[in-house]
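Just so you know, the protein sequences line up as chains A and B, in that order. Here this note's numbering is used: position 128 in the first sequence is 128, and no number is missing along the way. Here this note's numbering is used: position 329 in the second sequence is 496, and no number is missing along the way. Just so it is clear, CB atoms sit at the ideal spot from N, CA and C, and this is done for glycine as well. None of these values were measured; they are calculated from a predicted model. Encoded as structure tokens, the structure appears first; notes follow it.
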Amino acid sequence: MRYEPQGSPRRGHPDRETDRLARGLGLFSLALGLAEIAAPRAVARSVGLSGREGYVRACGAREVATGIALLAADDPMPWMWGRVVGDAVDLGLLASALDEGPQRRERAGLAMGAVAAVTLLDFAVAKTLSAEDRRPARPLKDYRRRRGFPRPPEAMRGEAREMAGVY
Amino acid sequence: MRALSWHGKHDIRCESVPDPQIEHPRDAVIRVTSCAICGSDLHLYDNFIPGMTPGDVMGHECMGEVVEVGPESRHALKVGDRVVIPFTISCGACPQCLRGNFSVCERSNRNASLAQKAFGRTTAGLFGYTQLTGGYQGGQAEYIRVPFADKTHVKVPSNLSDEKLLFLSDILPTGWQAAVQLGIEETDTVAVWGCGPVGQFAIRSAVLLGAKQVIAIDRVPERLEMAAAGGAIPINFEVESVMERIDALTDGKGPEKCIDAVGLEAHVSGHIDSMYDRAKQAVMAESDRIHALREIIYLIRPAGTISMPGVYGGLADKVPLGALMNKGITVRTGQTHTQRWTDDLLRRIEEGQIDPTFVITHVADLADGPALYETFRDKKDGCVKVVLKP
């Protein structure tokens, strides 16, 4: 009985919560990307990028690819940095809409605020994952024969029954 | 002499300290031949229990040879005797000691007024475990002064190794008491949260006491394998649902008996309550993380019994009192009444019924102690139990 694959390079991951958060961001990427591909006009209008549906669709494809990779990869770290780069591209694209009239500026500004917040989270997760010890794990110590009894546990069951409840 | 001293959070030093002296006619001085790092020492290392002062000598699991005896202990001890030192200092004569409640001795805590402020009433003095329990210097040292030495010792034979006997000082009787006080019946399932050294001994004790099945819950693969070797069914809470596995093993009814061998530093997992505890602990609004205890109260069968050998230090909130009360759960707690169990357990070791050496994973010189505190705390290198040789 072994609980983790012997050869897993990520055995003993010190921060499984961050790992889970990265996978959650992968799901978010996937959902956002599908929305951008399926409804590029609506998405573009809501963030002040009307007329640039092609860019939005391309961003959607990137998000879907990143999302799948984050969910499937054994190690999400490089894909988290991919998200950070994608966030920078998105911010640049949104910034280009800031000087295209008050309505677009307002929408693009709000969208930039949201993307900036996600960027901070992406950066924190990527940085935490990068700090992980990536040296190959040594084999598990094998304690499968350390029973502490002279005979198998089944044969020892109840050997001290006279003491149960003597308190 | 050399000793491991506490100097603050994550700061244990092997340094030279004054040799202990006889301070009272009932004292003895022991030359320590073996000592161990206990899981509860980690609470001091992580600075979660108040009352340590810089320079305090650590350690409450030790054994060795008597080198000096005060005049009022000479009826019980002589120079050259080989002894294991129980971690609980007991006078042997107060009303609690006479009832066998050695860990709540009324006389051995010389800082009783501090303990009364923290706990309402005093408990026994302990070695190397804060000013609250007497501020006695500990046993991770070349020598130790033992107060009330005529009652605070276990004489051990010379034909058994230190490694077989050392754990009579704490973790073997602690795991044993945790199981005995459950009142285990042949039809009982006993679930043990935490597969550190005390959990390992609790598992083997539950098997010896006749539990129908024993379940072990932890996240460290090596520790779960060690638990399985002792007869437990392992559950790794990081890769499977504790509730689903326990339900499957108990016909959906839960274990009759549960042991909390985790204590105040429960692992911070994805559960919201454990993150909440960690956040409150970080801002000093709570001292204890009690996720394991909450899980036990939730999963235990109604009318069941919980035993708590895991150490708690102060205050915690979000205790599911509704479940505790409505399910009719009995809770048994306490530091171990070590001397109550040691004669019987020594006999079991001599007869070969249990061999405590299985739990030892690291043996090293006292000077390696500070580094091994970190190894043990981080559960690196398969570390389960560290024995040090002064």
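Give every residue of the same chain whose Cβ lies closer than 7 Å to the Cβ of residue i, excluding the five residues on either side of it in the sequence, and list them in chain order.
i, result
"S29 (chain A)", "E63, T66, G67, L70, R83"
"G267 (chain B)", "H504, R507"
"D87 (chain A)", "V115, V118, T119, D122"
"Y479 (chain B)", "G430, L431, D455"
"R386 (chain B)", "N403, F404, E405, H434"
"S325 (chain B)", "R249"
"A73 (chain A)", "W79"
Answer with buried or exposed for residue i, where buried requires no fewer than 16 other C-beta atoms within 10 angstroms of its C-beta.
i, result
"H504 (chain B)", "buried"
"F404 (chain B)", "buried"
"S336 (chain B)", "buried"
"Q103 (chain A)", "exposed"
"T509 (chain B)", "buried"
"H242 (chain B)", "exposed"
"P253 (chain B)", "buried"
"A38 (chain A)", "exposed"
"K552 (chain B)", "buried"
"T354 (chain B)", "exposed"
"E462 (chain B)", "buried"
"P476 (chain B)", "buried"
"G536 (chain B)", "buried"
"V450 (chain B)", "exposed"
"M492 (chain B)", "exposed"
"V406 (chain B)", "exposed"
"I216 (chain B)", "buried"
"R249 (chain B)", "buried"
"K576 (chain B)", "Absent from the model: residue 576 (chain B). The displayed extent of chain B is 168 to 557, so no value can be given."
"L482 (chain B)", "exposed"
"E159 (chain A)", "buried"
For residue i, collect the residues of the same chain with a Cβ closer than 8 Å to its Cβ; drop the 5 residues on either side in sequence, then sort them by chain order.
i, result
"S372 (chain B)", "G342, W343, A345, A346, V347"
"Y443 (chain B)", "K485"
"A95 (chain A)", "A108, M112"
"E106 (chain A)", "G48"
"V246 (chain B)", "V233, V234, E235, V236"
Please go through the same chain and pick out, in chain order, the residues whose beta-carbon is closer than 6 Å to the beta-carbon of residue i, but skip the five residues on each side of it.
i, result
"L349 (chain B)", "K424, T472, S474"
"N214 (chain B)", "K176"
"G237 (chain B)", "I189, P192, R193, D194"
"R515 (chain B)", "I521"
"G588 (chain B)", "It is not possible to answer for residue 588 (chain B), since the shown part of chain B is limited to 168 through 557."
"S240 (chain B)", "R193, A195, A316, D317"
"E100 (chain A)", "none"
"V323 (chain B)", "R249, V251, L332"
"L98 (chain A)", "R105, A108"
"G301 (chain B)", "N276, R277, N278, G292"
Residue i by DSSP, collapsed to three states: which one?
i, result
"T417 (chain B)", "coil"
"C229 (chain B)", "strand"
"F294 (chain B)", "strand"
"D142 (chain A)", "coil"
"T500 (chain B)", "coil"
"R180 (chain B)", "strand"
"T220 (chain B)", "coil"
"N403 (chain B)", "strand"
"I521 (chain B)", "coil"
"I252 (chain B)", "strand"
"A428 (chain B)", "coil"
"K331 (chain B)", "helix"
"D545 (chain B)", "coil"
"A452 (chain B)", "coil"
"L70 (chain A)", "helix"
"C59 (chain A)", "helix"
"Q263 (chain B)", "helix"
"R2 (chain A)", "Any reading at R2 (chain A) needs caution, since the residue's pLDDT is 36, under 50, leaving its predicted position unreliable; the model's value is listed next. R2 (chain A): coil per DSSP, three-state reduction."
"E392 (chain B)", "helix"
Mind checking whether the beta-carbon of residue i lies closer than 7 Å to any heavy atom of the ligand NAP?
i, result
"K141 (chain A)", "You won't find the ligand NAP in this model; it holds no ligand whatsoever."
Between residue i and residue j, how many whole angstroms is the CB-CB distance? I'm expecting something under 8 Å.
i, j, result
"G361 (chain B)", "V429 (chain B)", "4 Å"
"F294 (chain B)", "C258 (chain B)", "That belief does not hold up - the Cβ atoms of F294 (chain B) and C258 (chain B) are roughly 15 Å apart, past 8 Å."
"L265 (chain B)", "A285 (chain B)", "So it is not a contact: roughly 25 Å between Cβ atoms."
"D329 (chain B)", "M230 (chain B)", "6 Å"
"A149 (chain B)", "A308 (chain B)", "Nothing can be reported for residue 149 (chain B): it is not among the residues displayed for chain B, which extend from 168 to 557."
"P78 (chain A)", "R57 (chain A)", "About 25 Å; that fails the 8 Å criterion."
"A394 (chain B)", "P401 (chain B)", "5 Å"
"L244 (chain B)", "H320 (chain B)", "7 Å"
Please confirm whether residue i has its beta-carbon closer than 8 Å to some beta-carbon of chain E.
i, result
"F525 (chain B)", "The structure shown contains no chain E; the protein chains it does contain are A and B."
Self-check item: Near-chain B residues of the region 141-156 of chain A - C-beta to any C-beta below 9 Å
Solution: Correct list: K141, D142, Y143, R144, R145, R146, R147, G148, F149, P150, P152, P153, E154, M156.
Exercise. Could you run through the region 385-396 of chain B and flag, in chain order, every residue whose CB is less than 7 Å away from some CB of chain A?
Key: Taking 7 Å as the Cβ-Cβ cut-off, the region 385-396 of chain B approaches chain A at P388, E389, L391, E392, M393, A395, A396, given in chain order.
Quiz item: Which of the residues in the region 115-131 of chain A, read from start to end, lie with their CB under 9 Å from any CB of chain B?
Solution: Taking a C-beta cut-off of 9 Å against chain B, none of the residues of the region 115-131 of chain A qualify.
Practice problem: Could you list the residues in the region 332-351 of chain B with a C-beta less than 7 Å from some C-beta on chain A, going in chain order? | Solution: Using a CB distance below 7 Å, the part of the region 332-351 of chain B facing chain A consists of V347, Q348, G350, I351, ordered along the chain.
Quiz prompt | Interfacial residues, the region 358-389 of chain B to chain A, with Cβ spacing under 7 Å | solution = Those would be R371, V374, L375, L376, G377, P388, E389, in chain order.
Quiz item: Taking any Cβ of chain A, which residues in the region 396-418 of chain B have a Cβ under 7 Å from it, in chain order?
Solution: Listed in sequence order: A396, G397, G398, N403, E405, V406.
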